[in-house]
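Visitor:
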Amino acid sequence: MDQEFGLIVVGDEILKGKRRDRHFEAFRQMLGERGLTLAWLQLLPDDPDLLIRRLRNSMEEGLPVFSCGGIGATPDDHTRHCAAAAAQVPLVAHPEAVAEIEARFGADAYPNRIRMADLPQGCELIPNPHNRIPGFSLNRHYFLPGFPEMAHPMARWVLDTHYSDPVVRERELAIKVYETPESNLMPLLQRLTTAWPQFKLYSLPRLGPKGFIELGFRGRGNLEPAFDALCQGVELLGLRYEPVDPA
Numbered sequence: 245m246d247q248e249f250g251l252i253v254v255g256d257e258i259l260k261g262k263r264r265d266r267h268f269e270a271f272r273q274m275l276g277e278r279g280l281t282l283a284w285l286q287l288l289p290d291d292p293d294l295l296i297r298r299l300r301n302s303m304e305e306g307l308p309v310f311s312c313g314g315i316g317a318t319p320d321d322h323t324r325h326c327a328a329a330a331a332q333v334p335l336v337a338h339p340e341a342v343a344e345i346e347a348r349f350g351a352d353a354y355p356n357r358i359r360m361a362d363l364p365q366g367c368e369l370i371p372n373p374h375n376r377i378p379g380f381s382l383n384r385h386y387f388l389p390g391f392p393e394m395a396h397p398m399a400r401w402v403l404d405t406h407y408s409d410p411v412v413r414e415r416e417l418a419i420k421v422y423e424t425p426e427s428n429l430m431p432l433l434q435r436l437t438t439a440w441p442q443f444k445l446y447s448l449p450r451l452g453p454k455g456f457i458e459l460g461f462r463g464r465g466n467l468e469p470a471f472d473a474l475c476q477g478v479e480l481l482g483l484r485y486e487p488v489d490p491a
C-alpha cells in the first residue's frame, strides 16, 4: 500500500501573501493519523504552463498526490484544463458532475457554474459535502477546491475510501548531543547513513546558550539496531547525550 503522498497547493494569492496556507499542516496531520506521510509539498502559481509541467512530472513519478485549488469556473482557475493536458486527455462534460451542479443550483447553474463539470476524460468524482460541486481524481491525483472547508473533508473521504488498509507506521528514535559542533559528527553520520540506508538519519542543531544537536533515525520497521549504533558511536566520541522522548 502507498505510504507517502505529495501535496500541491495552487494559487497566486498564497504566494503573494494575500491568503495564508492552511493545507500543509492539515494534510500532514490527516495523513499522520493514518500512519501515512507527506513526501513533498509544492506551492504553485496560477500559471498553466508551469502547472502542466509539474502535474505531468508528478503523474510520471507515481506517488498519490492531493492538489488543492484552481478547479473553479473563473478565468484564473486552470487546474482542470492543466490536469487534462498533463494526462493527455480532453476536457469533457462529466454527466454525473453536470447532474450534481444542476441539482444544487437549478437554472442558476447556467451559463457559468456548469463549466465546473468540464473535467478530464476518464476521471472519477470526489463528492463535496459542502456544496455538491465535486472534485475529481485522475492518475492517482486527487483534485480538490482551494477552500479548506471543502478540501479537507473531501480529502478524508479519499483516504477512507481508497487508503484504509493498515500500514506500518513511521517511527522516530533520537538523542540530544551536547557540547560539540555538528562538523565533528560528520564521519559518524556518513558511516551510519551507509550502514542503514533504509532509514532516514537526521541531524538538527538547536542554537542558543543551552544548545544541542538532535540526532535520530526515522522510518518504518525495526529502528533499534540503527539507533543503538548511533548511541554507541556518540559514546565512542566521548560526548554527553540523552534520549529524546518519542513524540
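Quick note on our numbering: the sequence shown kicks off at 245 and runs consecutively.
For glycine and all other residues, C-beta sits at the position ideal for the given N, C-alpha and C.
Since the structure is predicted, the reported quantities are computational estimates derived from the model, not experimental observations.
When the cut-off is 9 Å and only beta carbons count, does GLN442 lie next to chain B?
Guide: Absent from the structure is chain B; it holds one protein chain and no more.
Visitor: Let's see if you can read the secondary structure: which residues bound the beta strand (DSSP E) around ARG298?
Guide: That residue, ARG298, is in no beta strand (DSSP E); its alpha helix (DSSP H) goes 292-305.
Visitor: Use the C-beta contact count for VAL478: other C-beta atoms within 10 angstroms, 16 or more gives buried, fewer gives exposed.
Guide: VAL478 comes out buried.
Visitor: Let me make sure I understand the geometry here. Which of LEU287, ARG297, PRO334 has the alpha-carbon closest to that of GLY313?
Guide: Comparing Cα-Cα distances from GLY313 to each of LEU287, ARG297, PRO334, the minimum goes to LEU287.
Visitor: Are there 16 or more other CB atoms within 10 angstroms of the CB of LEU448, so buried, or fewer, so exposed?
Guide: Exposed, since its Cβ has fewer than 16 Cβ neighbours within 10 Å.
Visitor: Expressed to the nearest angstrom, what Euclidean distance is found between the alpha-carbon atoms of GLU344 and ALA361?
Guide: Taking the straight line from one Cα to the other gives about 9 Å.
Visitor: Starting from PRO487, follow its DSSP beta bridges and name the residues at the other end.
Guide: Answer is ILE419.
Visitor: I need the DSSP call for GLN332, collapsed to helix, strand or coil.
Guide: Here GLN332 sits in coil by DSSP.
Visitor: Going by C-alpha distance, which of ILE377, PRO425, ASP291, VAL254 is nearest GLY452?
Guide: Of the candidates ILE377, PRO425, ASP291, VAL254, the one whose C-alpha sits nearest the C-alpha of GLY452 is PRO425.
Visitor: Compare the beta carbon distance of TYR485 and ARG462 with 9 Å and say whether it is the shorter of the two.
Guide: Cβ distance not < 9 Å, so TYR485 and ARG462 don't count as in contact.
Visitor: Please state whether DSSP places CYS475 in a helix, a strand or coil.
Guide: Here CYS475 sits in helix by DSSP.
Visitor: Determine, using beta carbons only, whether CYS367 and PHE349 come nearer to each other than 9 Å.
Guide: Cβ atoms of CYS367 and PHE349: not closer than 9 Å.
Visitor: CA-CA distance, GLY460 and VAL411?
Guide: Rounded to whole angstroms, GLY460 to VAL411 spans 22 Å at the Cα level.
Visitor: Sorted by chain position, which residues of the same chain lie with C-beta nearer than 8 Å to HIS325's C-beta, five sequence neighbours on each side aside?
Guide: Excluding residues within five positions, the ones whose Cβ falls inside 8 Å are PRO292, LEU335.
Visitor: Opposite SER381 in the DSSP bridges: which residues?
Guide: According to DSSP, SER381 bridges with GLU368, TYR386.
Visitor: Select from PHE249, PRO397, ALA470, GLU305 the residue whose C-alpha is nearest the C-alpha of TRP284.
Guide: Measuring from the Cα of TRP284, the nearest candidate turns out to be PHE249.
Visitor: Does the region 300-310 touch the region 382-396, meaning 3 or more C-beta pairs lie closer than 8 Å?
Guide: The region 382-396 is in contact with the region 300-310.
Visitor: Sorted by chain position, which residues of the same chain lie with C-beta nearer than 6 Å to ARG413's C-beta, five sequence neighbours on each side aside?
Guide: Result list for ARG413: GLY279, in chain order.
Visitor: Using 8 Å for Cβ pairs, my map puts ARG300 next to ALA337. What's the rounded Cβ distance?
Guide: Incorrect: roughly 24 Å between the Cβ atoms, too far for contact.
Visitor: Might you give, ordered along the chain, the residues of its own chain that have their beta carbon closer than 7 Å to the beta carbon of HIS322, omitting 5 neighbours on each side?
Guide: Correct list, in chain order: ASP290, PRO292, LEU295, GLY314.
Visitor: Just tell me which of LEU403, ALA473, PRO373 has its CA closest to the CA of PHE391.
Guide: That would be PRO373, whose Cα lies nearest to the Cα of PHE391.
Visitor: Rounded to the nearest angstrom, how far is the Cβ of MET274 from that of ARG435, given a contact under 8 Å?
Guide: At roughly 37 Å, the Cβ-Cβ gap does not stay under 8 Å, so MET274 and ARG435 are not in contact.
Visitor: Please classify SER302 as buried or exposed, where buried requires at least 16 other C-beta atoms within 10 Å of its C-beta.
Guide: By the 10 Å Cβ count, SER302 comes out buried.
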